[in-house]
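Q: For reference, the structure I am asking about is given below.
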Amino acid sequence: AAATVQQEKCADHLALQKLNNVIRDATKAISIVRTPQRTFVATLLLDSATQTSATGVARNLKEAKQRCAMHALRILDLIKEQRGLGSNLGTCATAGSGSCTSTDVVSMGLAPRYAKLFEFFTLLCGATFDLNFVKRNARYTCELKAGNFECTGHGINRFEAERTAIESALSEMELYDERLQAINSLIVRHPRLRPRCIPTAKLPEELREHIRTLVQRSTAGLELHGDAVSVSGEENDTLEGLVDRETRSTIRALEEAACDETYARQMRNQLCALRADPRYLELYHGRRSSLAITSVMPHILAGLGRNRVIVVCGTTGCGKTTQVPQHILDSEIMAGRGDSCCVLVTQPRRLTAFSVAERIASERLTEVGGDVGYAVRLDARPGRHITLCTTGVLLQMLAGMPSLDAVSHLVIDEVHERDINCDVLLALVKDLLESGRNPRLKVVLMSATMQSDMFSRYFDKAPVVKVDGAAYPVEVRYLNDIANFMHNHPWARGTAYGSTMFRYLETEIGHNRCGATDGAAGFKSDTSLLGRPPKTDYGLVAQLISISVAVDLKNDAVGKSILVFLPGWKELVATKQAVENLPEGQRYHIILLHSSVDGAKQRECFAPAPLGKVKVVLATNIAESGITIDDAAVVIDTGLIKQSAWVSNHCSGRYGVEHQAKDSWTSSSTAYATQLSLQYASRANCTQRKGRAGRTQGGVCYRLFPREVWSVLPLHQEAEIHRVPLTQVLLKLLALGHSKPKDKLKTFIEPPAEQNVESSMRQLQSLGAVAADERLTPLGLYLSRLPCEPTVAKMIMMGAVLRCLDSTLTMAATGDISPFISNREVTFEVRQKRHALAMESQSDHISMLNAYNAFCACRGDVCFARENLLSVTNMKLISRYKQQYRDVLRRSGFIGDGDSIPPAPSEGVAESAGMAPVLYVDTGRLSEDSMDVTLVKACLCAALFPNVAVVDPYPLIQEQSGVKKKQLVMRTSTHEAISPSKDSACRRAGPPRAHGTLTSQELFNTAENAVTTPSMLYIYQGVFSLKESREHFLTQVTSVSLWALLLFGVGEADMKFDRLLSLCIVGDWIGIRMDAESYDALVALRAALHACVWRKYKQPDDPINNQTLEELRCICKTILKSPPNDKEQHMNTLIDTGSILSPESTPRYLSMDPNCGNGNFGGEGVGDSWGILEI
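Okay, structure coming up:
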C-alpha cells in the first residue's frame, strides 16, 4: 500500500473526506510530527491489535494528511480484496502514459457541458482516448488520439493539459460525429440523466426467442375493445357482490325488521313498562331528565315533524349523542309507528360507536344486538331500531341500499369534525333527499361548535336548535395574565420564572401594539402572528402545574386532576421530564395520552390518582372529544396542534415540479407529499379544550398564547377534504353511479381545490382505474370495493394474478396496522427488529410480511411476540383484514371458491379456549408463489409506480471494506437528495446504529458489521415532510429489480428508446443501456401481459386467457430471476434479494439469537438467519 501511494505524483485532495466517510472521526485521530528538516509526518493507527497504521510524509501539513488518508484507503482496499470483496475504491490511478487520473476525476475537471458529453460518450459509445504527455519549458502538452482523430492541449500541469485536449476533441468531433450529436440532443431533452447511474441490461438470446414464440402464439384475441364499464349493470345489482359481510348483515337486519300493528302495540307496552321499571327509575331516569338536551327535545321533535332536515347544535356534555336517537324512537313508538322506526346514527370513530351503543342499550335495560346495536368495520351487531355505525360503514351501505329504504331517521353526529367521509356523506344524503327516492327519511345533523349555520344553509336553511350544556364556569387566563401573575402574585415572589415565551410577548406582541392603528385594545389584528408559533417552554408548563396545585386547587387534589394539551409525542415526553425535575416532582402521577400509547395505560386517566399524588394528564388532541376525563379541574392549553396535509412538492430540490410540468409521470402522485406542520389550533379546538375543565366542577384554563393571538385564530380547523388526496372519494362516487365525479365534488359543502381533484384523477388514470374519458374501468370497479387505498388495492389484485395472493394480502393489512408494538420507549429496538426481519430484502413491506409470517409459523406464541416486540392484538386485526380483502375479491367474482382457502371454522374456538390465536394464511392455488420475492416485489412495483427512487453509485455511496455511509441518499423525480424515514429498514445499508459511521476498531471487526450492497432502484409509498425543519423522507420503501420496473411498473407512455445510442429512458430521468433486440422483446412481452391482465379483470373466468396468462407469468418469473447483464459493471444491485419466511412450513417457532448483538436473527435454518427451537 505504501509503495502504491509513493508512486502517485499528486495527492488526492478528496482523500480526507473519503476516509471520514469510512471511519468515524478519522481525521481527528491523525497525529502529526514535524522533523528538523521541516518535513511533516502524519500517522493514523487503524488497528491496535495488529498495530496496522497509515503514514503520510510531505513538505506541508495538508499534503501529509492527504497522503496519510490515501495510504489508509489503500490499506483498506487491500484488506477488502483479501476478504473477497474487491472493488476499486476510486483513489487516483498511477500516472504514466495515458490519463493521469481516473475517468470520473477527468470529468470533474471539465466544464459542465463537456463533462456530461465526455461521460456519455465513453459509456454509451465505448470511446477511448490515447494520451501522451510532453513537458517543454515548464509547460505540459497532451497529445490526444481517438481513432483517426488527433488534437493537442496545453497547460501548466498534466491535469490542465488533459482537460484542454479533451474539450477541444469533443468540440471538433461534435461537428461530424452523429453519436455525439445524439448525445448532445439527449442532454438537452433529458437534463436529469446521470451517466454514472446508467446500468446495462440485456436479455439472453434463448429468453428473447421464447418471448417471441409465446407472444406470437397468444397475440390473437388479446385486444380488448373498450376499457370502461357501467356500474348499473346486472352484475352489480346483487348485495352479495357490493358490500362486505358486516355491512351486508346490517342491511338485512334493518330490512327484516317486523312491521305490523301488533308489534307496534307490543313496543308501546314495553316502553310504558320501561318507564315504570324501578331499576330504570333508580339508575337512569334522574340523570336523563337533568340533561340539557331533554328540555329542547320537544322543539327537535316538532322540527322533525315539519322539516326533513334539522340541525342540533349542542355543547359537549349536553347529552345529544345518547338522548336524541332514544327520544326519536320513543316518539315514534308512542305515535304507533315504532314497528317501522329505524334510527341510524353515524359516528366518526369506531370506539365511540361501541361505547354509545352500550350506553343506550343499558339505559333501555336491554342488551346490545337487540333493539340497539352497532356496525363497524370487521364487527357488526346491528339493532332492530337503533344502530350506531361509523361513517365509512354507512357509505358502504349506500352501495348496497342506495335509497336507505329501511331507514326512517338518519342522525349524523359530530359533523363539525368535517372528516372527508362526513363531507361525502352529506353530499350523498342531500342528493337522496332531493331525488325523493325515500320520502319518509328524516335527517338530524348534530354539531358541537358554531358551524351550525353553514350546515343549515347547505340543506336549504334547515332549522337550527341550540342546546346549552350544563357546564360549570371556567376562568380563562392567557399568556399575558400568566406573565403578570408570575411577576406580581405574592405567592410567586422570590420564585420568579423568566420564560422565553414572556420575551415573545415583549417583542412580537409589543411590536404589533406599537404599529396598531385601530382597535379598542390598541392592537392591529394581524394574522402574521399565526405564521410560526413560539417554541413552547416546558419549564413554564411545569411551573404552571405547580402553581395551579397551590393556588387553584388549594393543595387539595382529591377528585381533581390537571389536563395539559400538547401537540405531539416529543412534547409530551419533554413536559413529563420538566415536571419530574421540579423539587416536588415525585408528588405527581403523570399519565401520557397519545394514540401510540397502549390502551391499558390510556385507561389509567379515568382512575383517581394514588393516595397523596396529584394526577397530571399530558394529552394530545385525543382528549378534546375522543376521551373525556371527568375530574379535570385545570386545563393548560398550549394552543398548538400537529396537522398533516397533502401538499405540492414545488421547489423540492434542484428540479421541482414546474420543470417537469409537461411530464405526466411527475405531475401525478410524485408531485405531492404528506406534510406535517405545527400550527395554532382553531377557536373551536381551544373552546373544546377549555370545556374539559368544567364538566363536573368549576375550573381554570391556562392558554399559553396571548389574547392578541386568540383574536386572529381561525374559527374552525380546515376541513379534511382540503388536506388529503381524493382518489378514494372519486372511486366511491364513480362506483355509486356518478358519471361526472368532478362535477359532483363541486356540490360539496366545501368543494376541494381543482388542482387536488385533477391530480387525484391523474393518479387513478395512472393506476388504470379510470379511463381517459374518466369512466370507471373493470380494475377500478374492483378497487372501489376494496376498503383500502387504491394503490394497495391494485397490489392485492396483482397478487391474485401472479399467484402470491397471501403475501399481498398481508402487506396490504400491515399498511394500515403495524405488527410491531407502538411503545415509543423501544423505538430503536423496534427498528433493529424491522431491519432483521427484512431478511436482506431491503424492503419495509417484506419486513412487515415476515413479522406476520414468523408469528404464524410459531403458532401465535406470546413469548415470541414479546421477545420480538410484536403486538398480538395487531396480529389478530391483520388476520381479520386479510380475510376481509379476500372475501371482497371472492364476492366480486375475481377469484373462485377453489382459488383461495377460507379461514378455518375453528379459529374462534381456539381463541376462546385460551389457546394461541389461529391467524389467517391463504394456502390456495393463488398463493402458491407467495414466498417468491421477485413476484411479490413485482406486485409492489405495479401498484406504487411512478414512485421510484434511485441510489446513485457515486459519489453518494463509497464502498470501503464493505462499509457504507450512515444512510442511503436517493433521487426521485422531485427530489435530488432524499433518504428513507428513520423507521425504514432501507435507511442504511447495514443494521441501525446509534452512532452512524463505524470506528476503526468496529471496521476491522467485520463479522459483527456485515452490510448489504444497496440496490439501485427502489419504490416507495409516499413522501413525508416536516414543515418546520424542512426535512423530507420516503415512507414504506422497497428495493425492486430492473426487470420488475420495466415489466410491471413502467407504462408505454413512460418509456422511450434511442436506437442510435441503445438507451432506454424511463420517466425522463432514469437511463438504461439496452440493445434493441432486448428492448423490443421486453415491450412485446409487456404488451401481451398487460392485455391478458386486462382481460382477466373483465372476464376472470375466461379459460383460454387464464392459460395464456399463466404462461406469461412463468416467463416473467424467469426473467425476474435473471441478472440484467453478464458482468457486474454497476456498483449497486439490479436484481431482487432477500427471502420471505413461510408462515406454515414448520410447527416450530423461530427465536432471536440472544448472542447476536447487531439485531440480526441468529442460528442455522431458514436462510442461515433464523434459529429454530422446539416448542
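Residue numbers in the sequence shown follow the UniProt record's numbering, run continuously in steps of one, and reach 1175 at the last position.
From the three backbone atoms N, C-alpha and C, an ideal C-beta is built for every residue, glycine too.
Residues bridged to Met1074 by DSSP?
A: By one-based count along the sequence shown, residue 1074 stands at place 1074. For Met1074, which the question treats as bridged, DSSP gives the partners Ala201.
Q: Quick check: Leu849 and Thr873, are their CB atoms within less than 8 Å of each other?
A: Numbered from 1 along the sequence shown, position 849 holds the residue referred to as residue 849. Numbered from 1 along the sequence shown, position 873 holds the residue referred to as residue 873. Result no, Cβ atoms of Leu849 and Thr873 do not sit closer than 8 Å.
Q: Between the C-alpha atoms of Ala943 and Leu1061, what's the straight-line distance to the nearest angstrom?
A: Here residue 943 corresponds to residue number 943 of the sequence shown, with the count starting at 1. Here residue 1061 corresponds to residue number 1061 of the sequence shown, with the count starting at 1. Their backbone Cα atoms lie some 31 Å apart in a straight line.
Q: Can you give the beta carbon distance from Phe149 to Ala127, rounded, assuming they're within the 8 Å contact cut?
A: Within the sequence shown, the letter at position 149 stands for residue 149. Within the sequence shown, the letter at position 127 stands for residue 127. Between Ala127 and Phe149 the Cβ distance is about 10 Å, and since that is not below 8 Å, they are no contact.
Q: Inspect the beta-carbon positions of Cys686 and Asp637 and report whether they are closer than 8 Å.
A: Sequence index remark: in the sequence shown, residue 686 carries index 686 (1-based). Sequence index remark: in the sequence shown, residue 637 carries index 637 (1-based). Cβ distance < 8 Å, so Cys686 and Asp637 count as in contact.
Q: Run through the stretch 403-442 for me and flag every whole alpha helix (DSSP H) of 4 or more residues, listed as ranges in chain order.
A: 420-435
Q: Run through the DSSP bridge pairs and tell me what Thr575 is partnered with.
A: Translated into the one-based positions of the sequence shown, residue 575 becomes position 575. Note: Thr575 sits in no beta bridge, so no partner.
Q: Around the C-beta of Phe828, are 16 or more other C-beta atoms found within 10 angstroms, so that it is buried, or is it exposed?
A: As a first step, residue 828 is located in the sequence shown; it is residue number 828 there, counting from the start. In this structure Phe828 is exposed. Its beta-carbon is surrounded by fewer than 16 other beta-carbon atoms within 10 angstroms.
Q: Count Cβ pairs between the stretch 386-401 and the stretch 718-729 that sit closer than 8 Å; are there 3 or more?
A: With the cut-off at 8 Å, the stretch 386-401 and the stretch 718-729 do not touch.
Q: Return the residue from the list Ser528, Leu1141, Asn438, Leu540 that minimises the CA-CA distance to Phe485.
A: Against the sequence shown, residue 485 aligns to sequence position 485. Nearest in C-alpha terms to Phe485, of all of Ser528, Leu1141, Asn438, Leu540, is Leu540.
Q: Among all the DSSP beta bridges, which residues are the ones paired with Tyr478?
A: For this step, residue 478 is matched to residue 478 along the sequence shown. Tyr478 pairs with nothing; no bridge assigned.
Q: Using the Cα positions of Ala836 and Arg925, report the straight-line distance between them to the nearest angstrom.
A: Numbered from 1 along the sequence shown, position 836 holds the residue referred to as residue 836. Numbered from 1 along the sequence shown, position 925 holds the residue referred to as residue 925. The alpha-carbon atoms of Ala836 and Arg925 are separated by roughly 30 Å.
Q: Rounded to whole angstroms, what's the CA-CA distance from Leu734 to Glu367? Just pull it up for me.
A: The residue given as residue 734 occupies position 734 in the sequence shown. The residue given as residue 367 occupies position 367 in the sequence shown. The alpha-carbon atoms of Leu734 and Glu367 are separated by roughly 39 Å.
Q: I'd like the list of long-range same chain contacts for Val5, defined as Cβ closer than 7 Å, with 5 residues on each side in sequence excluded.
A: In the sequence shown, the residue the question calls residue 5 occupies position 5. Correct list, in chain order: Arg67, Met70, His71, Arg74.
Q: Can you have a look at Pro992 and say buried or exposed, based on whether 16 or more other CB atoms are within 10 angstroms of its CB?
A: Taking the sequence shown and counting its residues from 1, the one referred to as residue 992 is at position 992. Buried, because 16 or more other Cβ atoms sit within 10 Å of the Cβ of Pro992.
Q: Using 8 Å as the Cβ pair cut-off and three pairs as the minimum, do the stretch 873-888 and the stretch 767-780 touch?
A: no
Q: Would DSSP call Leu582 helix, strand or coil?
A: Residue numbering aside, residue 582 sits at position 582 when the sequence shown is read from its first letter. Here Leu582 sits in coil by DSSP.
Q: Spatial neighbours of Glu595 within its chain, please: C-beta separation below 7 Å, excluding the five flanking residues on both sides.
A: Numbered from its first residue, the sequence shown carries residue 595 at position 595. According to the sequence as given, residue 595 is Ser; it is not Glu. The answer, listed in chain order, is Ile622.
Q: Hey, would you say Asp922 sits closer than 8 Å to Leu809, going by beta carbons?
A: As a first step, residue 922 is located in the sequence shown; it is residue number 922 there, counting from the start. As a first step, residue 809 is located in the sequence shown; it is residue number 809 there, counting from the start. Result yes, Cβ atoms of Asp922 and Leu809 sit closer than 8 Å.
Q: Between the Cα of Asp952 and the Cα atoms of Ile360, Ile1070, Thr1038, Ala15, which residue gives the shortest distance?
A: If you number the sequence shown from 1, residue 952 lands on position 952. Ranking the options by Cα distance to Asp952, first place goes to Ile1070.
Q: Pull up the CB-CB distance for Ile412 and Leu425, whole angstroms please, since I reckon it's below 8 Å.
A: If you number the sequence shown from 1, residue 412 lands on position 412. If you number the sequence shown from 1, residue 425 lands on position 425. Sure, about 7 Å apart at Cβ, within 8 Å.
Q: Just to confirm the assignment, what range does the alpha helix (DSSP H) spanning Asn555 have?
A: Counted from its first residue, the sequence shown places residue 555 at position 555. It is not in any alpha helix (DSSP H) - Asn555 carries neither H nor E in the DSSP assignment.
Q: My guess is that Ala793 and Leu786 are in contact by the Cβ rule of under 8 Å, so how many angstroms apart are they, rounded?
A: As a working note, residue 793 is residue 793 in the sequence shown. As a working note, residue 786 is residue 786 in the sequence shown. That pair is a contact at about 4 Å.
Q: Quick one: give me the first and last residue of the alpha helix (DSSP H) that Asn184 is part of.
A: Counting from one through the sequence shown, the residue named residue 184 turns up at place 184. That run of the alpha helix (DSSP H) goes 178-189.
Q: Using 8 Å as the threshold, is the C-beta distance between Val616 and Ile547 below it?
A: By 1-based counting over the sequence shown, the position of residue 616 is 616. By 1-based counting over the sequence shown, the position of residue 547 is 547. No; because the gap between Cβ atoms is not below 8 Å, this pair is not in contact.
Q: Would you tell me roughly how many angstroms separate the C-alpha atoms of Ile1135 and Val826, rounded to the nearest one?
A: Against the sequence shown, residue 1135 aligns to sequence position 1135. Against the sequence shown, residue 826 aligns to sequence position 826. In a straight line, the C-alpha of Ile1135 is about 33 Å away from that of Val826.
Q: In whole angstroms, what is the alpha-carbon distance linking Leu1120 and Thr1133?
A: As a position in the sequence shown, residue 1120 is number 1120, starting the count at 1. As a position in the sequence shown, residue 1133 is number 1133, starting the count at 1. About 13 Å.
Q: Count the other CB atoms within 10 Å of the CB of Thr517; is the residue buried (16 or more) or exposed (fewer)?
A: Stepping through the sequence shown from its first residue, residue 517 is reached at position 517. Summary for Thr517: the model assigns pLDDT 44, below 50, so the residue's position carries little reliability; its value from the coordinates is reported in the next sentence. With fewer than 16 Cβ atoms within 10 Å of its Cβ, Thr517 is classed as exposed.
Q: Below 8 Å, how does it come out for the stretch 1136-1145 and the stretch 839-849: are there three or more Cβ pairs, yes or no?
A: yes
Q: Which stretch, first to last residue, makes up the beta strand (DSSP E) that contains Leu1026?
A: As a first step, residue 1026 is located in the sequence shown; it is residue number 1026 there, counting from the start. Taken as a continuous stretch (DSSP letters only), the beta strand (DSSP E) holding Leu1026 covers 1017-1026.
Q: To which residues of the same chain is Arg971 closer than 6 Å at the C-beta, ignoring the five residues directly before and after it?
A: Taking the sequence shown and counting its residues from 1, the one referred to as residue 971 is at position 971. Once the five neighbours on either side are set aside, the close Cβ partners of Arg971 are Val950.
Q: If you draw a straight line from the C-alpha of Val1040 to the C-alpha of Lys461, how long is it?
A: The residue given as residue 1040 occupies position 1040 in the sequence shown. The residue given as residue 461 occupies position 461 in the sequence shown. Going by the C-alpha atoms only, they are around 56 Å apart.
Q: How is the alpha helix (DSSP H) around Arg891 delimited, first residue to last?
A: As a working note, residue 891 is residue 891 in the sequence shown. Unbroken alpha helix (DSSP H) run through Arg891: 872-891.
Q: Going by DSSP, name the residue or residues bridged to His1032.
A: The residue you call residue 1032 lines up with position 1032 of the sequence shown. Bridge partners of His1032: Ser1025.
Q: Only counting the same chain, and skipping five residues up and downstream in sequence, which positions put a Cβ closer than 6 Å to that of Glu475?
A: Indexing the sequence shown from 1 puts residue 475 at position 475. These residues qualify, in order along the chain: Val700.
Q: Which residue wins for smallest C-alpha separation from Asp1068, given the options Val57, Thr262, Ile198?
A: Translated into the one-based positions of the sequence shown, residue 1068 becomes position 1068. When each option's Cα is compared against that of Asp1068, the closest is Ile198.
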